[in-house]
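The structure appears right after this line, and notes come after that.
Protein chains: 2
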Amino acid sequence: MLHKTIEPSKKDDIKEIVKQYFTEYLIQHEQRKTPERYAILDKIYSWKGHFDIDMLYDLMKDDYRVSRATLYNTLELLKDCNLIIKHQFGSESTQYEKSYNNIHHHLICTKCKSIKEFGDENIKKIIQSKPLGGFKVINYSLYAYGLCAKCAKASNSITPNKGK
Amino acid sequence: MLHKTIEPSKKDDIKEIVKQYFTEYLIQHEQRKTPERYAILDKIYSWKGHFDIDMLYDLMKDDYRVSRATLYNTLELLKDCNLIIKHQFGSESTQYEKSYNNIHHHLICTKCKSIKEFGDENIKKIIQSKPLGGFKVINYSLYAYGLCAKCAKASNSITPNKGK
DNA sequence: TTTGTTGCAAAACGTTTGCAGCCTC
DNA sequence: GAGGCTGCAAACGTTTTGCAACAAA
Chain A
1043 MLHKTIEPSK KDDIKEIVKQ YFTEYLIQHE QRKTPERYAI LDKIYSWKGH FDIDMLYDLM
1103 KDDYRVSRAT LYNTLELLKD CNLIIKHQFG SESTQYEKSY NNIHHHLICT KCKSIKEFGD
1163 ENIKKIIQSK PLGGFKVINY SLYAYGLCAK CAKASNSITP NKGK
Chain B
1043 MLHKTIEPSK KDDIKEIVKQ YFTEYLIQHE QRKTPERYAI LDKIYSWKGH FDIDMLYDLM
1103 KDDYRVSRAT LYNTLELLKD CNLIIKHQFG SESTQYEKSY NNIHHHLICT KCKSIKEFGD
1163 ENIKKIIQSK PLGGFKVINY SLYAYGLCAK CAKASNSITP NKGK
């Protein structure tokens, strides 16, 4: 269950690992191993942080040009094999992010819309220890909504627990 | 911090509580208290489970007709004051859900796309105990991706930890 | 009375689709 | 060689926008 955590010293291997994993997935699902798909996977795992379709399109352009349709198609594949995660923050366009060896969570300020990341190993333990009716968790993501330090200070905004 | 948990016996009060909370929010943000907004809030808190714009539009029609534009506008407001949560499961249309006294999480099968809910009080404890750099968490939601019991059994599908 | 909010319809935007040609298998 | 995959452009559906009328403050 759950993606492995790779030690920093082995970080260079990650691209190779995900590539192999993707290959196995494609074989199992009888899908073709096209150079476009590998180029996209490689680009995603070379990029730290969130990206959207346009950003990925621009990033790839120089290296290995693919159409938007192929990007959408491949991102769907990578999502289905749990190598990327899809986020919909606020009203921005859909964001994606590599997810192998990259589990972390997001704090989203409902006032200024800022997004901050945080990690927590304890959540992992909880998920791994819960039975969940036979569901095999491979990947997960938590979104916490509220007020960032700055907005919390700026406003004496009400919260559902006001006066408690 | 965090939405209160209301005992079952007090469940009838919830609509009243969220209405008051919404009123305070509108006053604080100098927005008008229109009947449309309250009618929408009431309808949402009368509904158990997920809904999308069209479903809400149809649900409201009989009771208090509002335009789609107003639904979008009001859902945005309710999201900003943490009374609803927005989900983007797979390729379905955007789903919403009341979030006051309704914190739970989602198991999403990447194979059959089924969605199952689960609750966990331990996650709440972790979030409440972490400092998070001054971020005030009001609401949160966890999405776990993987294989549901049925799909896990059906396939000897590879996972990132295959052979481990 | 002022100005934010609503409803309507049109516009905009991200994503999906159909099809011809290409390239894995 | 067959059929899946790609690129392109058109189509689609959801969300946003502009504007006039309305109503909360």
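Those sequence lines, one after another, are chains A and B. Here the first sequence is numbered in the numbering used here, starting from 1043 and rising by one per residue. Here the second sequence is numbered in the numbering used here, starting from 1043 and rising by one per residue. From the three backbone atoms N, C-alpha and C, an ideal C-beta is built for every residue, glycine too.
- Secondary structure note for V1060 of chain B: its alpha helix (DSSP H) is the uninterrupted segment I1056 to Q1070.
- Looking only at A:Q1070, A:L1189 and A:T1065, the smallest Cα-Cα distance to A1081 of chain A is reached by A:T1065.
- Within chain B, the residues whose beta carbon sits less than 8 angstroms from that of T1152 of chain A are K1121, D1122, C1123, N1124 and I1180, listed in sequence order.
- DSSP, reduced to helix, strand and coil, places L1101 of chain A within a helical segment of the structure shown.
- Take the alpha-carbon of D1104 of chain A and the one of K1085 of chain A: they are about 11 angstroms apart.
- DSSP places N1164 of chain B in the helix class (H, G or I) of the three-state scheme.
- Look at D1162 of chain A: its C-beta is under 8 angstroms from a C-beta on chain B.
- Proximity to F1131 of chain A across A:D1094, A:K1178, A:L1068 and A:V1060 peaks at A:D1094, based on C-alpha coordinates.
- Residue pairing by DSSP places Q1137 of chain B opposite B:H1129 in a beta bridge.
- In the three-state reduction of the DSSP assignment, E1049 of chain A falls in the coil class.
- N1115 of chain A is not bridged by DSSP to any residue.
- When secondary structure is reduced to three states using DSSP, I1086 of chain B falls in the helix class.
- Here K1140 of chain B is buried, its C-beta having at least 16 other C-beta atoms within 10 Å.
- Listed as beta-bridge partners of G1188 of chain B by DSSP are A:V1179 and B:C1151.
- DSSP, reduced to helix, strand and coil, places K1158 of chain B within a strand of the structure shown.
- In its chain, beyond the 5 residues on either side, F1131, H1148, L1149, I1150 and C1151 have a beta carbon closer than 8 angstroms to the beta carbon of I1157 of chain B.
- Straight across, the Cα-Cα distance linking Y1067 of chain A with V1060 of chain A is about 10 angstroms.
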